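Each number in my numbering corresponds to the 1-based position in the sequence shown with 130 added. By construction, the Cβ of each residue, glycine as well, lies at the ideal position given by its N, Cα and C atoms. Please read all numbers here as calculations on a predicted model, not as lab measurements. Worksheet for the structure shown next.
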Amino acid sequence: MTQQTPLHARHVELGARLVDFGGWDMPLQYGSQLEEHHAVRRDAGMFDVSHMRAVDIEGPRAEEFLRRLLANDVARLSERGKALYSCMLNEAGGVIDDLIVYFLEPGRYRLVVNAGTADSDLAWIGRQAGPLGVALRPRGDLAMIAVQGPNARARAAGLLPAADEARALALGPFFGGPLSILDGNVFVARTGYTGEDGFEIMLPAEHAVALWDRLLGAGVRPCGLGARDTLRLEAGMNLYGNDMDATTTPLESGLAWTVAFGAGRDFVGRAALEAQRAAGVPRKLVGLLLEDKGILRSHQKVHAGAAGEGETTSGSYSPTLERSIALARVPAATGAGVEVEIRGKRLRARVVRPPFVRHGRAQIAL
131 MTQQTPLHAR HVELGARLVD FGGWDMPLQY GSQLEEHHAV RRDAGMFDVS
181 HMRAVDIEGP RAEEFLRRLL ANDVARLSER GKALYSCMLN EAGGVIDDLI
231 VYFLEPGRYR LVVNAGTADS DLAWIGRQAG PLGVALRPRG DLAMIAVQGP
281 NARARAAGLL PAADEARALA LGPFFGGPLS ILDGNVFVAR TGYTGEDGFE
331 IMLPAEHAVA LWDRLLGAGV RPCGLGARDT LRLEAGMNLY GNDMDATTTP
381 LESGLAWTVA FGAGRDFVGR AALEAQRAAG VPRKLVGLLL EDKGILRSHQ
431 KVHAGAAGEG ETTSGSYSPT LERSIALARV PAATGAGVEV EIRGKRLRAR
481 VVRPPFVRHG RAQIAL
């Protein structure tokens with residue numbers, strides 16, 4: 131049986147088409163997925179992301195623990211509220227999950243992990259944490275709403291008391307912090323998964339409907355998972371389970387920039403990554419722009435000439451570019467052009483460097 135977020139009844143009332151996503155009953159779209167996509171690129175949209183799991187990590191050795199657990203280095207987080215994107219790896223260097231970690235204060239961090247991997251993530255983290263006496267606090271009491279788009283921050287902050295409005299608008303990119311409302315139990319972060327500016331707001335679950343309704347009244351459009359997927363693909367953001375998983379490393383998933391190889395830190399999976407790097411990473415994740423008529427989807431064969439073959443990992447029609455785009459894992463020697471096999475035909479595609487779109491503008495030549 132699928133789980134439901136605190137906003138489930140609102141999704142039903144708004145006529146959302148609901149689907150099973152990672153064991154949760156989630157809105158795919160409320161009407162036109164295309165219009166939802168454009169609302170985020172041009173104005174402001176909101177997503178119920180309460181299915182994602184916040185986990186607080188606490189204890190005097192919390193930093194030491196996270197420096198061992200994550201491929202990126204939380205020692206970089208010197209300012210309270212600063213966020214870091216990282217992969218959590220197994221011993222073979224495969225990606226168990228990708229996540230965001232926030233530095234709350236010395237000895238306190240917050241992780242936000244993916245819904246579909248939350249239970250296995252918690253089990254893995256718990257096994258790793260045991261020897262260090264670090265406490266794990268899954269925050270099932272919190273809901274999470276993402277408000278995204280060029281006008282998103284102004285619309286959301288405008289609903290807050292003056293002091294909290296100023297505090298929210300003062301947040302820098304990839305920073306978060308508590309507000310004074312609801313006894314300080316609202317955490318607002320300037321993060322997102324769309325390639326647009328905005329907030330991700332964590333708050334007590336019982337207050338989620340009230341916030342959703344106020345945002346709706348402020349002209350923020352409800353958006354579903356369908357638009358979220360095309361937005362994140364345009365932004366060149368990986369989707370766990372598609373573009374990387376436990377069988378692929380960050381080095382072959384376009385995420386080498388998230389691995390901190392600095393001296394003096396032995397994170398889980400480091401030895402495997404160093405061995406792969408020394409031997410030569412055999413595959414890479416690239417962007418594709420289809421030059422012939424067709425639609426790119428995941429799991430389509432990619433022909434890279436003498437370099438060999440690969441496969442698309444995510445693909446869709448891009449509403450912003452009005453072209454078909456994809457991410458694909460291909461041989462490291464792949465050149466500037468490939469062919470993608472679609473319904474028995476080989477169609478030409480150009481290899482590009484993501485992102486395709488950022489802040490509403492094309493980042494690649496069309």
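The beta-bridge partner set that DSSP reports for V149 consists of M156.
In the DSSP assignment, T388 falls outside any beta strand (DSSP E) and carries neither an H nor an E. The segment 157-174 makes contact with the segment 353-372: 3 or more CB pairs, one atom from each, lie closer than 8 angstroms. By a beta-carbon distance limit of 8 angstroms, V350 does not contact A146. Their separation comes to about 15 angstroms. With 16 or more other CB atoms across the displayed protein chains lying within 10 angstroms of its CB, V225 is buried. For R283, the secondary structure class from DSSP, reduced to helix, strand or coil, is helix.
If you draw a 10 Å sphere on the C-beta of H167, you find 16 or more other C-beta atoms in it, and that means buried.
For E235, the enclosing beta strand (DSSP E) has its first and last residue at 225-235. Partner residues in the beta bridge of I472, as assigned by DSSP, are K475. Between the beta-carbon of L234 and that of S216 there is about 16 angstroms, and that puts the pair past the 8 angstroms contact cut. As the crow flies, the alpha-carbon of V468 is around 44 angstroms from that of L345.
Between the beta-carbon of L477 and that of L420 there is about 6 angstroms, and that keeps the pair under the 8 angstroms contact cut. Residue environment analysis places H429 among the exposed positions, since fewer than 16 neighbouring C-beta atoms fall within 10 angstroms of its C-beta. At the C-beta level, N202 and A405 stay beyond 7 angstroms of one another. Shown here for Q258: same chain residues with a beta carbon closer than 6 angstroms to its own, the five before and five after excluded, namely L199 in chain order.
Judged by their CB atoms, G328 and P484 are not nearer to each other than the 7 angstroms cut-off. In this structure, A458 sits near V416, with a CB-CB distance shorter than 7 angstroms. With contacts defined by Cβ atoms closer than 7 angstroms, G237 and A192 form a contacting pair.
Here G246 is near G152, since their CB atoms are less than 7 angstroms apart.
Under the DSSP assignment, F177 falls outside any alpha helix (DSSP H), being part of the beta strand (DSSP E) whose first and last residues are 175-178. The three-state reading of DSSP puts S208 in coil, since its state is none of H, G, I, E or B.
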